[in-house]
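A.B. asks: Here the protein sequences line up with chains A and B, keeping their order. So the first sequence is numbered by the numbering used here: it starts at 1 and just counts up by one. So the second sequence is numbered by the numbering used here: it starts at 580 and just counts up by one. All C-beta atoms, glycine included, are put in the ideal place defined by N, C-alpha and C.
Protein chains: 2
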Amino acid sequence: MNKFIRVDMTMLKVSVEDVPEKYRGLGGRGLTSNFVNDEVKPTCHPLGRNNKLIFAPGLLSGTSAPNSGRLSVGGKSPLTGTIKECNTGGVVSQQMAKMGIKALVIEGMPSDDRFYIIKVDMNGVTIDEAPEEILGGCGNYKAIEILSKKYGGKVGIGLAGPAGEYRLPSANISFKDPDGNIRSAGRGGLGAVLGSKKVKAVVFDDTGAEKVPLADPEKFRAASKIFAKALMDHPVAGQGLAAYGTDVLVNILNEAGGLPSYNFTRGRIDHADNICGETLNETITERGGEGKVSHGCHQGCIIRCSQWYADKKGKYITSGFEYETIWGLGADAGIKDLDVIAYIDREMDDIGVDSIETAVAVATAMDGGLLPWGDGEAVLNAVKEIRTPTPLGRILGSGCAVVGKACGLYRVPVVKDQAIPAYDPRSVKGIGLTYATTPMGADHTAGYCISGNILKVGADLDPLKKDGQIEYARAMQVGTAAIDSSGLCLFVYFGVADNPGGYQAMIDMLNAQYGLSLTAADLDKLGESVLKAELDFNRRAGFSNAHDRLPEFMEYEALPPHNAVWDFDPEEIDQVLSF
Amino acid sequence: MNKFIRVDMTMLKVSVEDVPEKYRGLGGRGLTSNFVNDEVKPTCHPLGRNNKLIFAPGLLSGTSAPNSGRLSVGGKSPLTGTIKECNTGGVVSQQMAKMGIKALVIEGMPSDDRFYIIKVDMNGVTIDEAPEEILGGCGNYKAIEILSKKYGGKVGIGLAGPAGEYRLPSANISFKDPDGNIRSAGRGGLGAVLGSKKVKAVVFDDTGAEKVPLADPEKFRAASKIFAKALMDHPVAGQGLAAYGTDVLVNILNEAGGLPSYNFTRGRIDHADNICGETLNETITERGGEGKVSHGCHQGCIIRCSQWYADKKGKYITSGFEYETIWGLGADAGIKDLDVIAYIDREMDDIGVDSIETAVAVATAMDGGLLPWGDGEAVLNAVKEIRTPTPLGRILGSGCAVVGKACGLYRVPVVKDQAIPAYDPRSVKGIGLTYATTPMGADHTAGYCISGNILKVGADLDPLKKDGQIEYARAMQVGTAAIDSSGLCLFVYFGVADNPGGYQAMIDMLNAQYGLSLTAADLDKLGESVLKAELDFNRRAGFSNAHDRLPEFMEYEALPPHNAVWDFDPEEIDQVLSF
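(1) Could you check what DSSP says for B/Asp1003 in three-state terms: helix, strand or coil?
(2) Rounded to whole angstroms, how far is the Cβ of A/Asp216 from the Cβ of A/Ala512, which I believe are closer than 8 Å?
(3) Quick one: residues in its chain with C-beta nearer than 7 Å to the C-beta of B/Ile914, no 5 flanking neighbours on either side, listed in chain order?
(4) Rounded to whole angstroms, what is the Cα-Cα separation between A/Gly188 and A/Leu135?
(5) Would you mind reading off the limits of the beta strand (DSSP E) that contains A/Pro57?
(6) Please report how far the alpha carbon of A/Met583 lies from the alpha carbon of B/Ile999, in whole angstroms.
(7) Please determine, among A/Glu85, A/Pro78, A/Met122, A/Val91, the residue with the shortest C-alpha to C-alpha distance to A/Met588.
(8) Whose C-beta lies closer than 8 Å to the C-beta of A/Gly515 among residues of the same chain, with five residues either side of it excluded?
(9) Using only the alpha-carbon positions, how far apart do A/Leu190 and A/Ile573 sit?
(10) Buried or exposed: B/Asp928, going by 16 or more other Cβ atoms within 10 Å of its Cβ?
(11) Against A/Phe115, what residues of chain B qualify as contacts under a CB-to-CB distance less than 9 Å, listed in chain order?
(12) Is the CB of B/Glu1131 under 8 Å away from at least one CB in chain C?
(13) Less than 7 Å between C-beta atoms, sequence neighbours within five positions excluded: which residues of the same chain meet that for A/Ile226?
(14) What residues in its chain sit with their C-beta under 6 Å from that of B/Asn760, if we drop five residues either side in the sequence?
(15) Return helix, strand or coil for A/Ile483, following the three-state DSSP convention.
(16) Please list the partners that A/Ala541 has in chain B, where partner means a Cβ-to-Cβ separation under 7 Å.
(17) If we cut at 8 Å on Cβ distances, does A/Pro169 have a partner in chain B?
(18) What are the boundary residues of the alpha helix (DSSP H) that B/Tyr695 is part of?
(19) State yes or no: is the beta carbon of A/Thr82 nearer than 8 Å to at least one beta carbon in chain B?
(20) Just the chain A side, please: which residues come within less than 8 Å of B/Cys717 by C-beta, in chain order?
(21) So that I know if they touch, is there some Cβ in chain A lying closer than 8 Å to that of B/Tyr1014?
(22) Pick helix, strand or coil for B/Val734, following the three-state DSSP scheme.
(23) Can you list, in chain order, the stretches of the beta strand (DSSP E) that have 3 or more residues and sit fully within the stretch 118–197 of chain A?
(24) Have a look at A/Ala473 and A/Cys449 and give me their C-alpha separation to the nearest angstrom.
(25) Compare the C-beta of A/Ile395 with all C-beta atoms of chain B and state if any pair is closer than 8 Å.
(26) Give the interface partners of A/Ser398 over in chain B, defined as CB-CB distance under 8 Å, in chain order.
(27) Where do the N-terminal and C-terminal ends of the alpha helix (DSSP H) with B/Cys979 fall, by residue?
(28) How many whole angstroms separate the CB atoms of A/Arg426 and A/Leu559, which I take to be in contact at a CB cut-off of 8 Å?
(29) Please confirm if A/Thr43 has its CB atom under 8 Å from at least one CB of chain B.
(30) Where does A/Thr325 fall in DSSP's three states?
(31) With 16 as the cutoff for other CB atoms within 10 Å, does A/Lys197 come out buried or exposed?
(32) What do you get for B/Ser977, buried or exposed, if any count of 16 or more other CB atoms within 10 angstroms of its CB means buried?
(33) Please name the residue or residues paired with A/Trp566 in a DSSP beta bridge.
(34) Quick check: the stretch 963–972 of chain B against the stretch 741–752 of chain B, are there 3 or more CB pairs under 8 Å?
(35) Pull up the distance between the alpha-carbon of A/Val293 and that of A/Tyr309, whole angstroms please.
(36) Residues of chain A with CB under 8 Å from B/Leu988, in chain order?
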């Protein structure tokens, strides 16, 4: 990979550079975060001309390594004001890697209101005006269909939905998945940054691209095989996720008393049966769903956690129907009907808003009296208002922190203005340390301590106790920053956490591809260096330890059934990432 | 003054303590800011149980010192997250001082939804349930009338309007003025804190209170006389403000090219005649207005800047009709009709929202396409929606920063999430340094550098140049923190800035009251110590130098007619308050 593409949206000019020396060994999050820390002014306005957006495939993307097709997108977040990396499935990561593109950077902004499409193929980069029909409220499903017709069915697409066009802080960047449906670079509002730069879509056509070169193809194949087996042999990565999707977690967290419900006032619900992974699986199996059940978000995925959810007649409603979304609407907002939740999920995908942020915003709005508790139809209608957007749509599309302000609440489940996802930190202590300290704002994927606290994969900690959690949260964040740089899906962690051979195989794939001799310690060093770059950006943007705090109400509102409170001292929290 | 009253709204209990030793020499802002820094957890949620609200009269309040009736209110701000002191006219400051009450602190919060009234008289403090008829949308004018009937016409009242009950971030605390109308502790949302504690109103009855004791009455009278003459002899304090009100500034700032217009995209308007102080004065004089023209916001005011604005039939619409409000609606939002602006001002007072924050929020909403430019009727209707509040009302009532988020704008004129008022820092550089560095968030009253930049009172600096501005902004903030501790109205500054005898008389009044021998240097020390306490709170709340920045757009969007940009370096800005 030797191309570093910059698109200047102020001048509508493209430049293709060699990859700068300092970025040559980096990929995915390692590249996006270092780039943002190097080139984006930390105090800039996220929607102003000085923010930059960078797309980068992971180090293993484009190869045959299982589950290596994740794309990292980086910039300064309009939701949190911090540095941000989101990663997503879809086909773009592998296309970029095959095309030899290390990164695509979008900078500047046009002075007028026209929207554009950036088209990247083996002949270069063009900037086209966006067709009227995909603007101003046109949903992502339809826009993908139109763009696929215009540019060819096999193109990869990343686009700003209506929410991104309106630059709402919850806007995600939506990506066409291998089935033509939608995956999202979800959190932190990078879709609003794309919209601010007046880029409706980025389209990749890798026709004519060659295979990603491998330094030692033999060794790569061997390592890849061991790695695949490690994933398939693990009960979570190999079986649980394909059968039940991530929604398998509803019953597990409910049982653990860590399923935040009714705006984080309880840790367990009575209606878990309505929304759990087992019910999801039964429903999907029964309805057929155009012959699909689980599928992968990118080519080469062997975990296949994404669920294909159809209506009673078997017609597709949504996919990538995740636990966190179902939890947010089903438990936190109390909606008991999985079909309605699926329609809301589809609507969020179609509008292009983060389904975690929006679901939590909805539940918080219920607590603030803005929506009736548990009323799925009311929520579906309210979420539809984000498309236009109406004032209510603007509030919801601005995320949970704004809902909290507009409703005058103190019970606002956010860290650094990003909504806390589906695991209550009072009864699953480890994940609370990740929420508090990750440079991303509350984000379970930044250091998934559920693994050792609840699933008992990779560690065995008591979720209600503080013992060992600080070191564990640090290790998980370091490891995650490394995996996010590789292009591998985070779920590979389940397969390799307790399988040293599998872990080594993951490293061996990198070594075989690049002709290196990395060790596990090197991977940790990489992860740590990525976190350091992110923390440096945040500090210069004005963030200090005082921002690494969970919402205060968690310190004094005890969560049933364990009646647990958040009891880590500031000094303890500050140890997590004190490298 | 020897009473320090604490009202615990969790237990609905009152305790009356002696004034703690460390607070004995303090009053007004000096007391509120030290108290908040000492007792409020800096990372607490402003609307949660751990925030506290403190009311404190100034050091000279209750005496016959001219213009000494300002009350300070302190707490952690729901709008900015910083420490906050607002001060206001009305009758409460002098009543508290006469009753020997150094401070009233409201802490905790009830667990249910009932609202209460705190009644303070010479027999003690009672907590009554608030009558239904003044809750849930009842305006401040009517609530004051009802409370005055219930508790007696002469009582002092500070209350949360509908916006405060709903805990909106722009909610002010409204105070009954000597005419039964409304003054506001306006900025930073302390009305939402009052509402969060379920206190609808605080009522003071000073019947039976004695005069404030004076150590040397003779000396006090003599100093007071010199001080009064200094005020009356000055063209601004003695004549300009009474004749034209603060709105005299429209033409002055327009002429200077520093009148931010159409959401801070221009510095001059063509329709200044429609909204300027001269027109205001003509209109008021012509209409009569129940015999009143200018009046004072508190007893003992000899400046009398408050304008009594009546409709065409001479019927009262509003008073305390300030330049900043008229500017916000008339220039920044482009409304050309002074009558409509007056009705909007009345509506904001009646609902209890900060008229600066709300006017700037309105102009920003126009820039974001949420309201039509310059349409006064549309704005009046939109502001009315804050009363209920509807989703649009919630957006506007949450202040300019939230409007910016909900509209996806980068041109959002706020510092620390508080709206920048009526003087553009690109063409009046000094005031920009105050906006950037004051611990309050953008606030002209924290160091009114307009004085030496534009009015040429107290200094003579070129508003378009950086020379001398750093030292000047520091001196103005230090001096202001001292004046805000005295209970004196900030406008006394005009009278004493260039009059050493007048300045000495101000100090002599303090010396004569308390038997001290303070010098000008001591006053500076006091001001500096107040700022240090505020900065300490903010630092522990998570604020760093990176937050002491003006909105980035001012660095690259040049303001006509001077085409000036904001060009202070971060290093220069950080010198302002680097004590």
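C.D. replies: Judging by the given coordinates:
(1) In the second sequence, counting from the first residue as 1, residue 1003 of chain B sits at position 424. Reduced to three states, the DSSP call for B/Asp1003 is coil.
(2) Residue mapping note: residue 216 of chain A aligns to position 216 of the first sequence, counting from 1. Residue mapping note: residue 512 of chain A aligns to position 512 of the first sequence, counting from 1. Right, the Cβ-Cβ distance comes to about 4 Å (below 8 Å), so this counts as a contact.
(3) As a working mapping, residue 914 of chain B is identified with position 335 in the second sequence. These residues qualify, in order along the chain: Leu908, Ile920, Gly953, Gly955, Val958.
(4) Here residue 188 of chain A corresponds to residue number 188 of the first sequence, with the count starting at 1. Here residue 135 of chain A corresponds to residue number 135 of the first sequence, with the count starting at 1. Cα to Cα, A/Gly188 sits roughly 22 Å from A/Leu135.
(5) Stepping through the first sequence from its first residue, residue 57 of chain A is reached at position 57. 52–57 is the extent of the beta strand (DSSP E) around A/Pro57.
(6) The requested residue 583 of chain A is not part of the displayed model; chain A covers only 1 to 579.
(7) A question about residue 588 of chain A goes unanswered here, because the residues of chain A that appear run from 1 up to 579.
(8) One-based indexing of the first sequence puts residue 515 of chain A at position 515. Once the five neighbours on either side are set aside, the close Cβ partners of A/Gly515 are Ala215, Asp216.
(9) For the purposes of this step, residue 190 of chain A is identified with residue 190 of the first sequence, where counting begins at 1. For the purposes of this step, residue 573 of chain A is identified with residue 573 of the first sequence, where counting begins at 1. C-alpha separation (whole angstroms): 28 Å.
(10) Within the second sequence, the letter at position 349 stands for residue 928 of chain B. Per the 10 Å Cβ criterion, buried.
(11) On the first sequence, residue 115 of chain A is found 115 positions in, with the first residue counted as 1. The contacting residues do not exist; A/Phe115 stays about 14 Å from chain B at best.
(12) Considering every chain present, this structure includes no chain C. Its protein chains are A and B.
(13) On the first sequence, residue 226 of chain A is found 226 positions in, with the first residue counted as 1. So the list reads Gly501, Gly502, Ala505, once near-sequence residues are dropped.
(14) Here residue 760 of chain B corresponds to residue number 181 of the second sequence, with the count starting at 1. Only Ser898 meet the Cβ criterion.
(15) The residue you call residue 483 of chain A lines up with position 483 of the first sequence. Helix.
(16) Start at 1 with the first residue of the first sequence, and residue 541 of chain A comes out as number 541. Here the neighbours are Ala1125.
(17) Within the first sequence, numbered from 1, the residue matching residue 169 of chain A stands at position 169. Interface residue, yes.
(18) Numbered from its first residue, the second sequence carries residue 695 of chain B at position 116. Here B/Tyr695 belongs to no alpha helix (DSSP H); instead the beta strand (DSSP E) covers 695–700.
(19) Your numbering for residue 82 of chain A matches position 82 in the first sequence. Not an interface residue.
(20) The residue labelled residue 717 of chain B in the question sits at position 138 within the second sequence. Those do not exist, as B/Cys717 stays about 18 Å from chain A at its closest Cβ, beyond 8 Å.
(21) Here residue 1014 of chain B refers to the residue found at position 435 when the second sequence is read from its first residue. Not an interface residue.
(22) As a first step, residue 734 of chain B is located in the second sequence; it is residue number 155 there, counting from the start. Here B/Val734 sits in coil by DSSP.
(23) 124–129, 156–160, 173–176, 182–185
(24) As a working note, residue 473 of chain A is residue 473 in the first sequence. As a working note, residue 449 of chain A is residue 449 in the first sequence. Whole-angstrom Cα-Cα distance: 6 Å.
(25) Along the first sequence, read from residue 1 onward, the residue named residue 395 of chain A stands at position 395. Yes, A/Ile395 lies at the interface with chain B (some Cβ there is under 8 Å from its Cβ).
(26) Stepping through the first sequence from its first residue, residue 398 of chain A is reached at position 398. Result: Val981, Lys984, Ala985.
(27) As a working note, residue 979 of chain B is residue 400 in the second sequence. 979–985 is the extent of the alpha helix (DSSP H) around B/Cys979.
(28) As a first step, residue 426 of chain A is located in the first sequence; it is residue number 426 there, counting from the start. As a first step, residue 559 of chain A is located in the first sequence; it is residue number 559 there, counting from the start. Correct: roughly 4 Å between the Cβ atoms.
(29) Against the first sequence, residue 43 of chain A aligns to sequence position 43. So, interface residue.
(30) Along the first sequence, one-based indexing puts residue 325 of chain A at 325. DSSP places A/Thr325 in helix when its eight states are reduced to three.
(31) Locating residue 197 of chain A in the first sequence gives position 197, counting from the first residue. That one is buried.
(32) Reading the second sequence from its first residue, position 398 is the one you call residue 977 of chain B. Counting Cβ neighbours within 10 Å, B/Ser977 comes out buried, since at least 16 surround it.
(33) Stepping through the first sequence from its first residue, residue 566 of chain A is reached at position 566. DSSP output for A/Trp566 lists no bridge partner at all.
(34) yes
(35) By one-based count along the first sequence, residue 293 of chain A stands at place 293. By one-based count along the first sequence, residue 309 of chain A stands at place 309. Approximately 8 Å, taken between the alpha carbons.
(36) The residue labelled residue 988 of chain B in the question sits at position 409 within the second sequence. Under the 8 Å cutoff, chain A gives Leu47, Arg167.
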